[in-house]
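I have placed the structure first, in the form of structure tokens, so that the comments after it can refer back to it.
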Amino acid sequence: MKSTIIAIIGAAILIGGAILFSQSSSNSSGNVDSSIPANNVTIVDGKQIIEIRAKGGYQPRKSAAKAGIPTILRFNTSGTFDCSSSVRIPSMNISKILPQTGAIDIDLGIQKVTTLQGSCGMGMYPFEIDFQN
Ligand SMILES: [Cu+2]
4 MKSTIIAIIG AAILIGGAIL FSQSSSNSSG NVDSSIPANN VTIVDGKQII
54 EIRAKGGYQP RKSAAKAGIP TILRFNTSGT FDCSSSVRIP SMNISKILPQ
104 TGAIDIDLGI QKVTTLQGSC GMGMYPFEID FQN
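Last residue of the sequence shown? That's 136 in the working numbering, and every number before it is there in order.
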């Protein structure tokens, strides 16, 4: 009798722990999503890579990058059927059609201190990249 009660309490603790764990892990993955804007610029072997997700607009809307180093702008898509799959950066004369799912790299060369403004083909979804020293 005593061992049955202990078994029930033990099971309740395990189930409760599993529920808590699954909730906290889903919360933390939500946090990872919202932290993408802070970490979307990486520098690998002296090359700067700016990653922007294109789907129903651009994420992050604003990127902070470094001026004066070779830079690649990478658009990631995943089932992107809306017009954010058509990207334009008028000041650089860039106009690209992105794959519905995949990644495409655009060479931005070495930028001086500036802010690049981009948008979808129709101009309704904007994004910008701020280059600073
Ligand atoms: Cu559009």
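Glycine residues also receive a C-beta, built at the ideal position from the N, C-alpha and C atoms.
Determine, using beta carbons only, whether Ala57 and Ser98 come nearer to each other than 8 Å. no
For Gly33, name the three-state secondary structure that DSSP assigns. Bear in mind that a pLDDT of 36 at Gly33, under 50, signals an unreliable position, so the model cannot answer this.
Starting from the N-terminal end, write out each residue whose C-beta falls within a distance shorter than 5 Å of any non-hydrogen atom of ligand 1. Any residue whose Cβ sits closer than 5 Å to a heavy atom of ligand 1 makes the list: Cys86, Cys123, Met125, Met127.
Give, in chain order, every unbroken run of the beta strand (DSSP E) that is at least 3 residues long and sits entirely within the stretch 71-109. 73-80, 89-92, 97-100
Within the stretch 42-72, note down every full beta strand (DSSP E) run reaching 3 residues or more, in order along the chain. Taking only runs of at least 3 residues, the beta strand (DSSP E) segments lying wholly in the stretch 42-72 are 44-47, 50-57, 65-69.
Best match in Cys86, Ile52, Ala68, Val47 for proximity to Ile109 [C-alpha to C-alpha]: Ile52
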